[in-house]
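First the structure, in the form of structure tokens, and then the observations on it.
Residue numbers (the working numbering), protein chains in the order written: chain A, 207 to 416; chain B, 207 to 416.
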């Protein structure tokens with residue numbers, strides 16, 4: 207059985223919990239509080255030298271890091287992965303976009319505004335950059351979603367899961383989605399998917415069944 | 207035939223040119239000078255709303271963005287992609303690491319120090335952060351490469367191509383690789399691969415054959 211190292215309020219961790227819930231894959235959950243340095247202990251660094259969560263133990267003693275690589279691994283051979291070769295590459299394109307253009311801005315702003323007391327004052331200068339770059343990323347997403355139901359292949363895939371995590375937290379990071387109607391409609395569409403779980407309610411399937 | 211929109215001195219573009227050369231795939235090359243705003247024209251934005259290179263036209267009128275998604279697409283079914291499912295996920299893990307921890311730091315420093323006149327003064331404050339975070343990323347790579355020949359599956363894959371691009375430019379971005387012997391040995395190993403081309407000598411196969 208998989209063991210997932212995750213933090214409940216981490217968007218990157220939520221992606222993996224959402225995919226596991228959707229695919230009805232049982233797993234063990236280890237809560238890692240990165241705010242208390244628990245991802246930088248010698249024990250954790252032995253599992254992931256990059257000191258980050260989420261981290262999935264895919265085989266005994268073999269660990270997979272990077273939320274979107276974990277998503278790709280879990281989605282393989284399931285309806286969450288597109289069938290067509292170009293569609294699969296497009297899903298990865300949006301997942302790289304997410305890690306390069308969305309998460310470093312909206313995710314960083316969420317971290318400092320929602321999780322760190324006094325974060326707004328500590329990061330006043332960076333917040334301006336994150337807001338500007340985050341708005342630019344949202345505009346790219348809005349343009350793509352206009353006239354589309356999902357990001358790739360007109361159905362719900364791992365690309366949507368990857369992008370949903372921090373986009374649905376944007377309002378907690380001071381982003382206003384009022385001017386992004388296509389994004390708001392897509393967020394509602396993802397949340398209405400069968401098997402969807404909210405960030406705060408995700409729990410391992412096995413624990414829920416006990 | 208593929209058309210690649212690329213800039214000669216872009217590390218992200220180089221990745222794709224290196225993979226195409228290695229796979230002996232012919233393509234047309236369109237040079238896009240991002241320093242002259244050529245990736246932000248209405249014509250280019252119609253192809254890639256995110257306004258970035260590299261961009262690969264994979265089918266007439268269908269464009270794939272994000273260097274590592276393009277690499278993954280090109281590598282599919284070739285020796286550049288690992289065979290095993292977990293190995294493939296590990297390759298993607300390192301490619302997401304590259305775009306999240308390496309490129310935003312070493313790539314950004316390279317851009318402002320090597321491509322922009324006066325960039326050092328313009329980005330003095332950011333350069334401190336990029337140096338610190340870039341060193342941290344290099345340390346993670348050094349640890350992984352110690353005792354390994356390549357990043358994944360003990361052979362040359364797209365993960366190596368993705369990581370090579372900016373790591374081999376690190377010295378132009380003020381990084382000193384003296385304390386990273388495993389990385390230096392790996393750089394030499396990649397450069398010695400059959401079919402390897404340097405950043406400045408990559409040219410489309412067809413043009414070279416003409």
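By construction, the Cβ of each residue, glycine as well, lies at the ideal position given by its N, Cα and C atoms.
Where DSSP assigns a beta bridge to residue 268/B, which residues make up the other side?
265/B
Is there a Cβ of chain B sitting closer than 8 Å to that of residue 292/A, yes or no?
yes
Tell me the rounded alpha-carbon separation between residue 379/A and residue 357/A.
23 Å
Close Cβ partners of residue 211/A (< 7 Å) along its chain, the five nearest in sequence each way excluded
236, 238, 259, 260 and 261
Let's see if you can read the secondary structure: which residues bound the alpha helix (DSSP H) around residue 303/A?
291-303
For residue 338/B, report the span of its alpha helix (DSSP H) as first-last.
330-351
Using DSSP bridges, identify the partner residues of residue 361/A.
358/A
By the three-class DSSP mapping on this structure, what secondary structure does residue 249/A have?
helix
From 280/B, 292/B and 281/B, residue whose alpha carbon lies closest to that of residue 279/A:
292/B
Check each residue of the region 336-351 of chain B: if its Cβ is closer than 7 Å to any Cβ of chain A, include it; give the result in chain order.
346, 349 and 350
Residue 302/B versus chain A: which residues are under 7 Å apart at the beta carbon?
272, 274, 275 and 305
Secondary structure at residue 244/A, three-state DSSP: helix, strand or coil?
coil
Could you check whether the Cβ of residue 223/A sits closer than 8 Å to any Cβ belonging to chain B?
no
Start and end of the beta strand (DSSP E) containing residue 210/B?
208-212
Hey, quick one: how far does the alpha helix (DSSP H) through residue 222/B stretch, first residue to last?
217-228
Once DSSP output is grouped into helix, strand and coil, what is the label at residue 396/B?
helix
Who are the neighbours of residue 388/B on chain A, taking C-beta pairs under 7 Å?
By Cβ distance, chain A contributes nothing, its closest Cβ being about 13 Å from residue 388/B, past 7 Å.
For the structure I just gave you, are there three or more beta carbon pairs, one from the region 242-259 of chain B and one from the region 322-330 of chain B, closer than 8 Å?
no
For residue 296/B, return the contacting residues in chain A, with the cut-off set at a CB-CB distance below 8 Å.
270 and 275
What is the DSSP secondary structure of residue 309/B, counted as helix, strand or coil?
helix
Beta carbon of residue 403/A nearer than 8 Å to that of residue 370/A:
no
Taking residue 282/B as the query, report the chain A residues whose CB atoms sit under 7 Å from its CB, ordered along the chain.
291
How about residue 393/B and residue 363/B: do their beta carbons lie closer than 8 Å?
no
Pair every Cβ in the region 299-315 of chain B with every Cβ in the region 269-286 of chain B, then say whether three or more of these pairs are closer than 8 Å.
yes
Using a Cβ-Cβ distance cut-off of 8 Å, determine whether residue 264/A contacts chain B.
yes
Please list the partners that residue 220/A has in chain B, where partner means a Cβ-to-Cβ separation under 8 Å.
Ordered by position in chain B, no residue passes the 8 Å Cβ test against residue 220/A, which lies about 16 Å from the chain.
Taking the alpha-carbon positions, what's the residue 223/A to residue 343/B distance?
26 Å
At a CB distance below 9 Å, what residues from the region 362-379 of chain A approach chain B? Give them in sequence order.
none
Hey, out of 296/B, 207/B, 252/B and 352/B, whose CA is closest to residue 350/A's CA?
252/B
With a cut-off of 8 Å, does the C-beta of residue 256/B fall near any C-beta of chain A?
yes
Mapping the DSSP letters down to three states, classify residue 378/A as helix, strand or coil.
helix
Taking the alpha-carbon of residue 309/A as reference, which of 244/A, 406/A and 216/A has the nearest alpha-carbon?
216/A
Measuring only the C-alpha atoms, how far is residue 366/B from residue 387/A?
40 Å
Which residue marks the beginning of the beta strand (DSSP E) containing residue 383/A, and which one marks its end?
Here residue 383/A belongs to no beta strand (DSSP E), and DSSP marks it neither H nor E.
Taking C-beta pairs closer than 9 Å, name the residues in chain B that residue 310/A reaches, listed in chain order.
306 and 310
If we ignore side chains and look at the alpha-carbon of each, how far apart do residue 338/B and residue 229/A end up?
39 Å
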